[in-house]
Structure formats: C-alpha cells, structure tokens
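What follows is a short report on a single structure.
Residue numbers (this note's numbering), protein chains in the order written: chain G, 1 to 574; chain P, 575 to 781.
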C-alpha cells in the first residue's frame with residue numbers, strides 16, 4: 001500500500017496531486033515511476049482495496065433491505081445521489097453525502113451532481129466503458145464553430161492511449177472504424193444471440209450503424225504486470241460498484257495505486273479538503289494547497305514544486321475559483337475569463353426497447369459487465385443530421401426478462417411460480433448517448449453567500465440542454481425504433497426523457513484547453529497558460545464532450561501531461 | 575463448538591473450496607492474492623431473526639397472518655418452499671416500514687383488509703382459514719379485477735404481488751433453490767442452452 005499516509009508536513013514535494021480518482025491515480029503512478037516524490041491529497045477517507053469493500057459479495061438475503069436503501073436515509077442524505085443507477089445499499093458508502101455536500105442551481109435550471117469523495121473517487125463507481133476519441137472529435141469545434149478548437153489532435157494522444165490501455169486492460173474488438181479508433185485490446189466479451197441478430201440486420205439495412213461489443217476496462221486476459229499488481233481476470237459478477245477484490249476492473253485501488261506505491265515515492269494525505277491553492281505573485285507559481293481537515297475542520301498546508309489538479313471537473317474548477325488573488329480576482333489562472341464556463345455533460349435522454357422472438361432456447365452464463373455499442377455515425381459535418389449538429393452513440397444490450405419485471409403479470413399460484421422459474425422474453429434495449437454543445441452560458445460559479453461546512457463557497461450551477469440536444473434525442477428515438485423494427489422486434493417502444501444534465505456523470509469543460517490564452521485556461525499540455533507549474537488534467541480541460549465516455553481520455557491526457565511536465569523539469573524549464 | 579465458531583468453520587471451508595475451484599481457473603498465485611479480500615466473504619452482518627418471536631412493525635398480528643396466507647397462495651410450496659414458508663410476509667412488513675412512504679404502507683394494509691373482508695363476506699371465514707382452492711380463486715379474482723373487485727383493489731394487489739415476488743426471489747430459498755444462483759460465475763458465456771442451466775438465474779440484477 002502507499003508508502004505512507006501523512007497528516008502534517010512542511011516538506012516541499014516534487015509534485016502535489018489533488019484528487020485520487022481515475023485522473024489523480026494516473027498522475028501519481030506516472031510521476032512516481034519517473035522518480036518524483038509525490039503527494040496525493042484526497043478530500044475523503046482512505047478506502048483500502050478489498051478490505052473496505054463492505055458491500056461486496058453479500059448475498060441479497062443477507063442485506064437487511066435486500067439492496068434497497070432505507071427511505072429515511074435517502075431522504076436525509078442521498079436525495080441527489082440516489083438518482084444514480086449504481087446507488088444501492090451495497091454501494092452507498094462510495095457516494096457523497098448530500099447533506100454535507102450541498103450545492104445550488106440557478107433558477108429554472110437543474111443539475112444532478114453525483115459525488116464520490118473518498119480515496120479512489122469515482123474510479124470505484126464508474127461504468128468502465130472505455131473509448132478513444134477520434135480525430136474528427138478534436139476538430140469538431142473548429143469545423144462547426146461551437147466552442148474553441150482543441151489545441152491537440154488525435155495523433156498527439158494516440159501513443160498515450162496505447163500506454164494507458166496496456167496498463168489498465170481494455171476488453172474489446174478491433175473494428176477499424178474512423179470514428180472510434182481501436183484500442184490495445186484484451187479479448188472481448190461475447191455478444192448474445194439477439195445482439196448478433198441486430199448486428200446482422202444493421203449490416204444489411206443500416207450501413208452507417210456498426211454494432212460492436214462495449215469496450216470495457218475489465219481484464220479478460222491479464223498481463224504478467226497486471227497479475228503482479230494483484231489483478232485477475234473478470235469473474236463476470238457485474239457487481240463492480242461494490243468494489244472488486246479480484247481487481248478485475250480498473251480502479252485507482254486495483255491498478256494505479258499499487259503501481260505508484262511500489263516505487264516508494266507515493267505519499268497520501270487523506271481527509272484533506274483543498275480549500276484553495278497558495279499562489280506566490282512574485283514567482284508567478286503555485287506553492288501548495290490550503291487544506292481543511294475533513295473531520296475536525298482544522299487547517300493545514302502542503303507544499304510542492306508542481307501542482308496537478310485532478311479533483312474532478314467541478315472540483316478542480318471550484319478550487320481555482322476559490323483561489324482568487326489580487327492578480328487573478330476572478331479565479332486563479334483565469335486571465336481569460338472562461339473559467340467555469342462551457343460546462344457540459346452527455347445527454348442520455350432517449351431510450352428504445354423491444355421484444356425479440358426466436359431465441360427462447362438460448363440463455364447465458366455469468367453477468368456480462370458491458371453491453372453493446374453503436375458508435376457515433378454523425379461524426380463529421382457532412383454526416384450531420386439535417387435537424388441538429390454533432391452526434392450520438394447507442395449503448396444497450398439484450399436480456400431476458402425475469403421476476404423483476406414480471407411480477408405484475410396476471411396470475412397467481414402454481415402456474416405463476418412455474419412461469420417465473422423460467423426466464424421470460426428476450427428484450428433488447430438501446431439508450432442514446434448524445435454530445436452536448438459547448439456554450440459559454442452553461443457554467444458553474446461560486447455562490448455569493450452560502451458556504452459548506454469546510455467554509456468553502458458552494459458551487460452554483462447554471463446549465464440547460466439546448467434545442468440541439470433535444471432534437472438529437474428525438475431523432476435517436478426514431479432511428480432506434482426503425483432499427484428494432486427492421487430486426488423484426490415486437491412491442492417496440494421509445495421514450496424521450498427530460499432528465500437534467502449531470503446524470504451521465506460525464507461533466508466536462510469549465511477550465512478548457514486552447515491555443516489562445518485569451519480564450520482558454522490551459523494549453524495543449526493541460527498546463528495553465530497563466531501559471532507554468534499548475535496543471536489541470538481531469539474533465540475540466542475538455543473543449544467538447546465528443547460522444548464517447550470520457551474516462552479513457554482523462555487517463556491519456558494525464559499521462560501525456562505528466563510526460564511533458566517531467567521533460568520540462570529535466571530541461572530546467574519547470 | 576459455539577455457534578459462531580461453527581459458522582466460521584463453515585465459512586472457511588466454503589472459502590477453501592471456492593479457492594480450489596478458482597485456482598484451476600485463474601492460477602494459484604492469483605487466487606492466493608485474493609485471500610485477504612471480500613471476494614468470498616459470506617456476510618454475517620444480517621441474519622433473519624426468528625420469525626415467530628418477532629413483532630410486526632406495521633401490521634397487526636391478524637393482518638400478518640392473512641398476509642402470510644396471501645404470500646403462500648401467490649407463490650405456493652412445490653418441490654421448493656412457498657413465499658409464506660420463507661417469511662416473505664415478515665420481509666414485507668419490515669421492508670414497507672423501512673423503505674416505503676405511508677401511502678405505500680396504507681395501500682398494502684388496505685389490500686390485506688380488502689382480501690380478508692371479501693373472504694368473510696363470501697365464506698364467513700378469515701382469508702387465513704380458507705381452503706387452498708377458495709383462497710386461490712379469491713386472489714385470482716382480485717388479480718384480474720373481477721367478481722366485485724374494483725380497479726383500486728387490483729392496483730393495490732399488483733403492488734403487493736410485486737413485494738411478494740421481490741421478497742421471495744431475493745430470499746435464500748427463492749434465489750438459490752427455486753432459481754439458480756451463481757455468485758462467482760468465473761466468466762461470461764453467451765448463447766448457452768437454457769436446458770443446461772435449467773431455470774432463470776436468481777443472481778441477476780444486483781450490480
């Protein structure tokens with residue numbers, strides 16, 4: 001485990017990383033392996049791999065409410081968090097407590113902010129879908145004029161994608177698709193019969209829509225290195241968010257933390273809520289962080305030569321906004337004035353489903369921890385739909401109905417029991433995952449008066465879907481129905497919801513990269529234009545959402561930023 | 575041997591067995607790595623207290639007796655126990671108390687009374703005293719909204735049926751004897767013949 005947990009320290013570390021989720025874990029591993037004495041500052045408690053996975057492998061009948069969460073507890077502490085699909089009695093301790101972590105929203109707007117404030121952060125709770133962005137994704141802003149141009153292209157990131165994939169372990173199939181570059185894959189999970197049938201239908205009738213198995217950060221054929229870190233192949237329990245003692249999915253605990261700890265360069269300061277950065281206006285550099293103790297609210301400081309903010313999209317920007325100085329009255333490193341702006345999430349508001357006949361004798365063994373994926377087919381302007389710009393993907397899968405959805409069927413007694421003993425109809429479900437346009441008006445800021453218990457101003461969200469996202473979801477619902485109809489599905493339905501942003505848990509933007517310091521916070525290496533020893537490598541740095549799940553790109557951007565920073569240090573420029 | 579030691583011994587035994595099985599699958603080194611983890615823990619956090627000695631939290635004893643009979647009629651004993659046999663009624667009382675609002679609690683209390691009153695009106699007996707076939711017919715009527723039952727009765731009954739089904743198939747008997755339970759599948763295999771598994775999985779939907 002980590003070289004040491006620390007509380008007080010006057011020492012100047014080589015690098016200080018704020019946050020320990022997917023991004024912070026990667027920054028720690030990469031710096032430690034390059035010989036940098038590293039301090040990881042985490043606002044929440046330490047969560048030990050295996051030991052603290054208290055919900056793991058507890059049978060439903062051993063849980064007091066069979067995985068439901070007590071109503072009073074939800075009402076008091078988890079009103080927001082319970083909106084997340086993964087929130088249940090066996091995972092709830094990995095979610096933030098809404099009572100302690102309030103935030104506000106602008107009038108007539110909503111934002112669902114899902115939190116995971118502990119060592120490992122959301123890497124314990126993520127859905128593990130892992131996709132590279134493609135070259136068109138990095139060009140989209142410049143081609144259609146929304147947002148600023150990404151200062152990097154696919155070729156800048158390609159090698160770092162490979163680097164992080166080989167370490168993390170991504171299962172999937174090579175497909176050679178222009179909109180979804182192949183990763184370095186471990187063997188894929190299998191498609192089920194109805195999914196193979198849909199794939200064949202799409203190949204025949206919908207040449208633009210390619211169905212592939214979802215690429216997921218699960219070990220299916222672990223490498224020697226992965227095994228040496230204590231990771232083994234996925235056992236197909238699909239109970240990942242409870243924590244996985246097999247280390248079969250990528251998390252900070254299973255992967256980056258043991259790798260970093262092996263170097264003896266890693267130090268961790270848990271329960272350390274970063275209030276703000278300490279800036280020296282003479283040297284124009286950050287010196288460290290001011291911390292409020294998570295538990296007893298006492299104050300302390302940590303120091304380092306380089307600071308990496310990896311505190312999540314909203315968390316990192318909140319810290320910058322709360323670190324104003326005379327020189328930066330509107331937030332540190334915010335000479336551009338765009339800090340907090342261009343907040344985005346993915347839009348997951350269209351669902352489609354249907355029933356498929358002809359596979360009644362088929363079943364499956366194990367619980368596959370991924371689904372099917374139909375990559376974005378509107379990935380460049382001449383492929384845009386006439387009613388909206390940018391695009392979306394479909395994620396979903398086939399399943400057989402069981403007692404969970406069949407309880408309301410008519411019938412009681414022997415006949416009913418015998419019916420539920422067998423699996424029900426095969427169903428197939430698709431959900432659209434749409435890009436959200438970068439817009440200046442969509443923003444987060446600090447509340448002018450309200451503060452949390454650590455004395456930090458609350459985040460105030462002001463974000464809305466635009467007509468573009470709504471039109472996209474309507475179109476996705478129609479196309480999904482057509483695809484299922486072409487497959488010969490019955491009982492086809494679709495639903496376009498109006499869920500607020502936040503629930504995709506893909507919030508990005510607010511401290512965007514860019515070539516021009518006048519319109520962006522970070523340069524092409526995630527380094528603050530205004531402050532050379534300050535980096536932000538989490539989702540805050542994104543210029544657009546693209547369509548793909550963002551975590552793999554967080555990893556690659558972070559590995560690249562560390563590589564750059566290390567080289568700059570060596571060259572004497574940092 | 576104390577009860578606790580006995581449980582721990584069983585636990586260790588099971589853990590050893592699982593590990594032996596796993597070594598074949600993932601190699602001895604890798605499976606040893608897991609010894610310290612929760613991967614195979616059999617939780618002792620919660621155990622059903624003795625159903626008979628427990629006091630209901632929401633219902634009267636009479637209501638609970640009717641509910642037990644409803645549970646057993648909806649999911650009767652076959653070669654595996656029925657829903658009443660595995661204390662699904664006690665589960666519902668507890669679950670409603672802890673996880674649902676008063677509207678839901680009232681709806682279930684109400685439909686239990688509706689069923690019992692209907693038994694009294696039709697047969698001059700409490701529902702819990704009816705012959706199996708008679709009880710079945712009465713519940714079938716409310717399930718299908720016929721023979722004098724109203725839409726509201728049927729809606730409340732469907733909700734109760736959902737709770738019975740949930741309680742039964744998440745019980746140890748329901749999930750692992752009536753259905754097939756596989757806590758650590760070892761990997762995913764698509765397109766397996768249903769006949770090779772034999773029943774629906776009791777281990778789905780708990781991520």
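Glycine included, every Cβ here is placed at the ideal spot set by N, Cα and C.
Who are the near neighbours of residue i in its chain, counting only those whose CB is closer than 8 Å to its CB and skipping five residues on each side?
i, result
"residue 78(G)", "69, 87, 92, 95, 97, 98"
"residue 499(G)", "112, 348, 349"
"residue 65(G)", "89"
"residue 668(P)", "631"
Using 10 angstroms around the beta-carbon of residue i, count the other beta-carbons present and answer buried if the total reaches 16, otherwise exposed.
i, result
"residue 642(P)", "buried"
"residue 777(P)", "buried"
"residue 549(G)", "buried"
"residue 322(G)", "buried"
"residue 455(G)", "exposed"
"residue 220(G)", "buried"
"residue 7(G)", "exposed"
"residue 266(G)", "buried"
"residue 445(G)", "buried"
"residue 180(G)", "buried"
"residue 327(G)", "exposed"
"residue 159(G)", "exposed"
"residue 386(G)", "exposed"
"residue 237(G)", "buried"
"residue 501(G)", "buried"
"residue 611(P)", "Caution applies to residue 611(P), whose pLDDT of 48 falls short of 50 and renders its modelled position unreliable; the model cannot decide the point."
DSSP puts residue i in a beta bridge; with which residues?
i, result
"residue 341(G)", "443(G)"
"residue 712(P)", "Paired residues: none, contrary to the question."
"residue 483(G)", "Paired residues: none, contrary to the question."
"residue 38(G)", "15(G), 266(G)"
"residue 522(G)", "513(G), 528(G)"
Measure from the alpha carbon of residue i to the alpha carbon of each residue in the options, then state which is nearest.
i, options, result
"residue 213(G)", "241(G), 364(G), 396(G)", "396(G)"
"residue 275(G)", "262(G), 268(G), 284(G), 292(G)", "292(G)"
"residue 317(G)", "62(G), 152(G), 507(G), 423(G)", "507(G)"
"residue 104(G)", "451(G), 547(G), 343(G)", "451(G)"
"residue 654(P)", "762(P), 769(P), 758(P), 754(P)", "754(P)"
"residue 122(G)", "399(G), 367(G), 313(G)", "313(G)"
"residue 545(G)", "335(G), 146(G), 228(G)", "146(G)"
"residue 153(G)", "329(G), 138(G), 364(G)", "138(G)"
"residue 370(G)", "692(P), 763(P), 771(P)", "763(P)"
"residue 751(P)", "761(P), 767(P), 771(P), 766(P)", "771(P)"
"residue 447(G)", "459(G), 453(G), 441(G)", "459(G)"
"residue 194(G)", "362(G), 18(G), 571(G)", "362(G)"
"residue 590(G)", "32(G), 141(G), 517(G)", "Lying before the first or after the last residue shown, residue 590(G) is absent from chain G, which here runs from 1 to 574."
"residue 22(G)", "176(G), 172(G), 252(G)", "252(G)"
"residue 373(G)", "15(G), 198(G), 301(G)", "198(G)"
Using C-beta distances below 6 Å, list every residue in its chain close to residue i, excluding the 5 sequence neighbours before and after it, in chain order.
i, result
"residue 462(G)", "106, 109, 443"
"residue 42(G)", "20, 119, 270"
"residue 484(G)", "354, 492"
"residue 254(G)", "231, 247"
"residue 376(G)", "179, 391, 393, 547"
"residue 724(P)", "none"
"residue 256(G)", "25, 26, 29"
"residue 505(G)", "114"
Beta-carbon within less than 7 Å of residue i's beta-carbon, same chain only, minus the 5 sequence neighbours each way: which residues are those?
i, result
"residue 295(G)", "271"
"residue 424(G)", "400, 401, 402, 406"
"residue 575(G)", "Limits of chain G in this structure are 1 at one end and 574 at the other, which puts residue 575(G) out of reach."
"residue 660(P)", "742, 745, 747, 748"
"residue 468(G)", "388, 389, 437"
"residue 222(G)", "169, 231, 232, 233"
"residue 54(G)", "93"
Could you tell me whether any non-hydrogen atom of the ligand COA is closer than 6 Å to the CB of residue i?
i, result
"residue 313(G)", "The ligand COA is not part of the structure shown, which contains no ligands of any sort."
Assess contact between the stretch 157-166 of chain G and the stretch 180-194 of chain G, defined as three or more Cβ pairs (one per stretch) separated by less than 8 Å. Is contact present?
yes
Are the stretch 680-696 of chain P and the stretch 728-743 of chain P in contact at 8 Å, needing three or more beta carbon pairs?
yes
Using a Cβ distance threshold of 8 Å, determine whether the stretch 353-364 of chain G contacts the stretch 512-527 of chain G, with at least three qualifying pairs required.
These segments do not touch.
Would you check if the stretch 402-415 of chain G and the stretch 735-754 of chain P touch, i.e. whether three or more CB-CB distances between them fall below 8 Å?
yes
Would you call the stretch 690-710 of chain P and the stretch 630-646 of chain P in contact, with 3 or more CB pairs under 8 Å?
yes
Are the stretch 466-477 of chain G and the stretch 421-439 of chain G touching, with three or more C-beta to C-beta distances below 8 Å?
yes
For the structure I just gave you, are there three or more beta carbon pairs, one from the stretch 231-240 of chain G and one from the stretch 376-392 of chain G, closer than 8 Å?
Using a C-beta cut-off of 8 Å, the stretch 231-240 of chain G makes no contact with the stretch 376-392 of chain G, since fewer than three inter-stretch Cβ pairs fall below that distance.
Okay, do the stretch 238-246 of chain G and the stretch 48-59 of chain G touch, 3+ Cβ pairs below 8 Å being the bar?
yes
Counting pairs of Cβ atoms below 8 Å between the stretch 21-40 of chain G and the stretch 555-564 of chain G, do you hit three or more?
Touching, yes.
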